[in-house]
Amino acid sequence: MSDAERWPLVSIITPSYNQAEYLEETIRSVLEQDYPNLEYLVVDGGSTDGSVDVIRKYADRIDWWVSEPDKGQADALNKGMARAKGEIVAWLNSDDIYRPGAIKRAVEVLRAEPEVGMVYARLDSIDRGGEVFNTIHYRNFDLLDLLSFRIIGQPTVFMRRAVLEQAGALDASYNYLLDHHLWLRMARLAPMKYVPETWAAARHHASAKNVAQAARFGEEAFRILDWAAEEPLLGELVAANRRRVRAGAHRLDARYLLDGGEPRLALKAYGRVLRNYPPYVFPHWHRMLYALLSLLRLGWLLPLVRRRRIHSRKPILVTGPHRSGTTWVGRMLAAGGDLAYVSEPLNVLHRQGVMDAPVHHWYTYVCQENEAQYPEAFAATLNLDYKTGRELRSLRSLKDLGRMARDFSIFTVGRIGQRRVLLKDPFAVFSTEWFADRLGCQIVIVLRHPAAFVSSLKRLEWPFDFEDLLDQPLLMRDWLEPFRAEMEKAVQHPEDLILQGSLLWSMIASVVQQIQARRPEFHVLRHEDLSLAPLQRFEKLYAELELPFTTRAEAGIRSATSAENPEEVSLSSIYATNLDSAANLQNWRQRLDEDEVNRIRTLTKAHWGQYYGDQDWTP
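The following block contains the structure:
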């Protein structure tokens, strides 16, 4: 059996009309996919701008194409679908593009879940030149979500042909929401599946209909609601959730009215959302403010509230064992004012407003097999969408309220300033590959001398319960099984902080060594090197992370690491970051006696040699 025969046939259809400027890039994004069994069809509506010349250039690689007048996009797509032979079908408009590997990943998901009728993924928004200015994240939508006009990025959708045939052809009476109308009909027949990966990019330009004819989308939304009210199954949902679905239609109307340059009408539409279903309007405060400023002709303020998702710029994850300087490193990277510093979303005691997903273990391990709610929860975090309602419901004290105010401020200022996100989270150290692969994070791992690490835990009297690790079967399987016996022993000696700290350091160092070998692009740093030459080392790290090393950043680092700062902090200021960084390196020698140092050295001897030498153990 050939490679092509092992994979189902996938049919991709591109409808085209006078998009010669972008058409070649679209075609190439399909033809350059790594999928071995592909059928490609191009349906041109009789273009007069040179599009046909572009198609002819690739005619020997296109399975079928035609250029003739049609009755619009739906008519063109129905022509292509009628000719398509694939078990899986998708369409890609002539100004959009696929990301590498998109088709193969969609097929893999559909193969793994045969009950699913269609799959979809994240969508990049790109400008005329192809630069990403937004990344749109979704979640697993149900019928009610679709009826409330939760819009799916059409270029990322791949449909199972059998379900598509059951649902029927595209309705040519719709010009703007024809895809959404089809998703509703398909979702009645089979579940949809969201995959938190980026499969495609949709181009925004002046002639695109979602820009040039934006104000017409709302009209079709209400047409769809009228249609749905008469349909089996859908009608029951519409009747039971009338105010919610109407609020969804008004919300969509407001969005497109604003995009179409109608701020007054957009504000009226948002008012209708508020009257029907207030939860739908609160996340759109920035758009309402934008509309108001536009209406008041305060154009100079518009850049402050224009919302573009910052996930398209790679977030940074600073991790490593706790008490190893991750807070300090994170603060020094944020000293330039270009980052939004988000602290410990994987902390068991994390704030719900910061990351809206449960965390049950210290050092929770997240991977593709158990990610569940995490991709979407982290997508909101990386886009600095603060979950105010969730946080308010979880408040238990005035201290919690203060933390809420702090986090809300970080998220709001970061969003307005379109700041790149820095996640500081030592508890993510075992999950770094997931953060890199699923969230696109640049990874910084900080290690500290084992004796310094253990002495910090001993000083604070912080024990560690290894049951938190033993209770995570995937973590044990992937990383920690060789340490099982040692962990079970440590559980029996909760009073032995030297044993616990040494074992935890050894395990993390071992995992970091393996990750470093697999992922050389990760930045693995010694706390000591940063402390001895902070300005030089951080300037280099800034460059590697593509951060501007400004005078503000330099001043912040210099102030935080100066010899004028204390060598040690009180137990009430354990998270302080303003220390004499060089002198602080010697603190463990005063906290530990010789026997304790020798014991730590012995307990960690199998692992410290990768990062430290004999000279690092002597004064």
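Going left to right, the sequence shown walks through residues 127 to 745 as the working numbering numbers them.
The C-beta atom is built at its ideal place from N, Cα and C for all residues, glycine as well.
To which residues of the same chain is residue i closer than 8 Å at the C-beta, ignoring the five residues directly before and after it?
i, result
"L596", "M602, R610, M613, E614, V617"
"G462", "Y668, L673, P674, F675, T676, R678, A679, G682"
"R519", "Q478"
"Q736", "A635, Q639"
"L521", "L527, M530"
"L273", "L310, L351, A354, L360, L363, V364, N367, V371, G374"
"P195", "G171, G172"
To which residues of the same chain is residue i closer than 7 Å at the C-beta, ignoring the five residues directly before and after it?
i, result
"E323", "R231, A247, R248"
"N691", "N704, L705, D706"
"D721", "none"
"R529", "R477"
"R663", "D655, L656"
Whose C-beta lies closer than 6 Å to the C-beta of residue i among residues of the same chain, with five residues either side of it excluded?
i, result
"P660", "I683, T687, S707"
"S582", "R449"
"T744", "none"
"Q280", "D305"
"H437", "A caution first: H437 carries a pLDDT of 41, below 50, which makes its placement in the model too unreliable to give a value."
"S632", "T730, H733"
"L164", "V136"
"Y184", "I153"
"A327", "I223, D250, I252"
"Q741", "none"
Does the distance from the CB of residue i to the CB of residue j come in under 9 Å?
i, j, result
"H140", "V168", "At residue 140 the sequence reads Thr, which differs from the His that was named. Yes, they are a contact pair."
"V289", "V245", "no"
"R276", "G374", "yes"
"M414", "Y396", "yes"
"D221", "Y148", "yes"
"L697", "R585", "yes"
"A293", "L308", "yes"
"Q568", "F592", "no"
"S173", "S155", "no"
"L630", "L573", "no"
"V474", "W560", "no"
"N175", "A146", "Just to set this straight, residue 175 is Asp in the shown sequence, not Asn. Contact flag set, yes."
"P576", "I726", "yes"
"E158", "V180", "no"
"L269", "L360", "yes"
"T445", "T514", "no"
"V555", "V638", "yes"
"Y161", "V233", "yes"
"P134", "E213", "yes"
Using DSSP bridges, identify the partner residues of residue i.
i, result
"K550", "V444, S469"
"I252", "V258, R329"
"I278", "Answer is none; I278 lacks a bridge partner."
"Y166", "I138"
"Y246", "Y320"
"Y403", "According to DSSP, which records beta bridges pairwise, Y403 is partnered with nothing at all."
"Y382", "BP columns for Y382 are empty, so no partner."
"Q773", "Any property of residue 773 remains undetermined from this structure, which presents the chain solely from 127 to 745."
"V215", "S137, M285"
"S193", "D170"
Using 10 angstroms around the beta-carbon of residue i, count the other beta-carbons present and answer buried if the total reaches 16, otherwise exposed.
i, result
"K731", "exposed"
"H486", "exposed"
"A689", "exposed"
"V570", "buried"
"A210", "buried"
"V215", "buried"
"K319", "buried"
"E103", "Only positions 127 to 745 of the chain appear in the structure, and residue 103 is not among them; the question remains open."
"K525", "exposed"
"Q494", "exposed"
"A531", "exposed"
"E621", "exposed"
"F579", "buried"
"S657", "buried"
"V539", "exposed"
"E356", "exposed"
Return yes when the C-beta of residue i is under 8 Å from any heavy atom of the ligand SAM, and no when it is not.
i, result
"K230", "The ligand SAM is not part of this structure, which contains no ligands at all."
Problem - Secondary structure, beta strand (DSSP E): runs of 3+ residues fully inside the segment 516-552 - result: 546-550
Handout entry: Complete runs of the beta strand (DSSP E) confined to the segment 647-698 [at least 3 residues]
Key = 649-652
Handout entry: Length-filtered (3 minimum) beta strand (DSSP E) runs lying within the segment 605-653
Key = 649-652
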